[in-house]
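A.B. asks:
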Amino acid sequence: VGIRQTGPTFVKLDAVTTMVSQSKNIVKTQVQGRNSTIKEYISDNDYDITIKGVITSEAIRHSPDEDLENLLNLMSLPNEIVIVSNYLALFKIQYVVVESFNISQIEGYTNQVAIDIKLISDEPIELKLGIDPNA
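Each residue of the sequence shown is one higher than the last, beginning at 88 in this note's numbering.
1) Distance, Cα to Cα, isoleucine 202 vs isoleucine 125?
2) Is it the case that the Cβ atoms of asparagine 225 and asparagine 112 are separated by a distance below 8 Å?
3) Once the 5 residues before and after leucine 155 are set aside, which same chain residues still bring their CB inside 8 Å of it?
4) From the DSSP output, which residues share a beta bridge with leucine 206?
5) If we count Cβ pairs, one from each stretch, closer than 8 Å, do we get three or more for the stretch 115 to 130 versus the stretch 158 to 174?
6) Which residues mark the beginning and the end of the alpha helix (DSSP H) in which alanine 176 is found?
7) So, is proline 165 buried or exposed, given that buried needs 16 or more other C-beta atoms within 10 angstroms?
8) Do isoleucine 180 and isoleucine 170 have their CB atoms nearer than 8 Å?
9) Glutamate 194 by DSSP, collapsed to three states: which one?
10) Starting from leucine 155, trace the alpha helix (DSSP H) both ways and give me its first and last residue.
11) To the nearest angstrom, how far is it from the Cα of threonine 197 to the Cα of valine 107?
12) Can you say whether isoleucine 212 is buried or exposed, counting buried as having 16 or more other CB atoms within 10 angstroms of its CB?
13) Assuming the contact rule is C-beta atoms closer than 8 Å, tyrosine 134 and serine 187 should be a hit. Round their C-beta distance to whole Å, please.
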């Protein structure tokens, strides 16, 4: 799994597990004289994504400071970010918004940091402004 913003910032995560879940928007209406509700499917909700992994420095006794700094920069962005994952591509997920994250040291390993990121899938909105030539 890789996370990047448009441009050169890219963070590679090792030993990754990814969980994807999705609920549906369903309106339930109670009707008098009926023992169950009438269900009306409205739409799918966004995907909820949890990524757990490790950032590892190639140098055994050095913390992965540069990758960790890049990750923190990505996690603080106020807009969607691009995610590169073959698994998430199966769900047609390319853009995500960070909901929360946890970063922790791993006991006994100075060159690794554990991460746990909660994301929500996103679709960029393209606004077209201008004068309609057919109007």
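No residue lacks a Cβ here, since even glycine has one placed at the ideal position from N, Cα and C.
C.D. replies: For this structure:
1) 43 Å
2) Residue numbering for the chain in the displayed model covers 88 to 222; residue 225 lies beyond these limits and cannot be assessed.
3) Ile142, Ile190, Val200
4) Ile136, Val185
5) no
6) Per DSSP, alanine 176 belongs to the alpha helix (DSSP H) from 173 to 176.
7) exposed
8) Yes, Cβ-Cβ distance for isoleucine 180 and isoleucine 170 is below 8 Å.
9) Glutamate 194 falls in the coil class under three-state DSSP.
10) 152 to 162
11) Between the alpha carbons of threonine 197 and valine 107 lies a distance of about 30 Å.
12) exposed
13) 15 Å between Cβ atoms; not a contact.
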